[in-house]
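Visitor:
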Amino acid sequence: MQLVVMAAVLAMTWADQPCSFTCRPTPTTIAVKSCVRTESINTTMCEGQCYQEDPMDPGERPQQYTCSGDWAYEVKHFEGCLEGVLYPVARSCKCSLCQSSNTDCERVLWDVC
């Protein structure tokens with residue numbers, strides 16, 4: 001009975017929390033160096049959380065998923081500067097298996113929601 005009451009209390013507590021498992025392109029501004037000054041560029045990046053499951057066996061390493069996607073690079077030219085600046089743009093985003101060759105795939109051990 002106590003377990004049922006505790007589960008109900010936790011469900012009510014978490015009901016109004018803004019946590020959700022979404023992975024989407026999000027607008028952002030990055031600073032780039034153009035000639036001798038710093039300029040701002042508006043672009044998109046992948047942002048969000050992916051659903052994870054922890055295995056019951058403590059010795060088993062869970063598969064980690066990350067919010068990543070398809071990237072392209074665009075060139076921006078600033079007035080008075082002959083060279084363009086190359087910057088990344090996220091075209092689409094999705095949760096996919098973490099690639100340890102280019103990402104830290106270790107677990108986050110605290111509740112982020």
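Each residue of the sequence shown is one higher than the one before, counting from 1 in our numbering. Glycine included, C-beta positions come from ideal geometry on N, C-alpha and C. These numbers were taken from a predicted model, which means no experiment stands behind them.
#1: I need the boundaries of the beta strand (DSSP E) containing V89, first residue and last residue.
#2: To the nearest angstrom, how far is the alpha carbon of I41 from that of Y87?
#3: So does the segment 42-51 actually touch the segment 60-68, counting three or more Cβ pairs closer than 8 Å?
#4: Does the separation of the CB atoms of C35 and C93 fall below 9 Å?
#5: Give me, in chain order, the residues of the same chain whose beta-carbon lies closer than 7 Å to that of K76; leave out the 5 immediate sequence neighbours on both sides.
#6: So for S100, helix, strand or coil by DSSP?
#7: Tell me which same chain residues have a C-beta within less than 7 Å of the C-beta of L97, skipping the five on either side of it?
#8: Would R91 and P27 qualify as a contact pair, given that the criterion is a beta-carbon distance under 9 Å?
Guide: Working from what's here:
#1: 85-97
#2: 8 Å
#3: yes
#4: no
#5: I41, G84, V85, Y87
#6: coil
#7: Q63, Y65
#8: no
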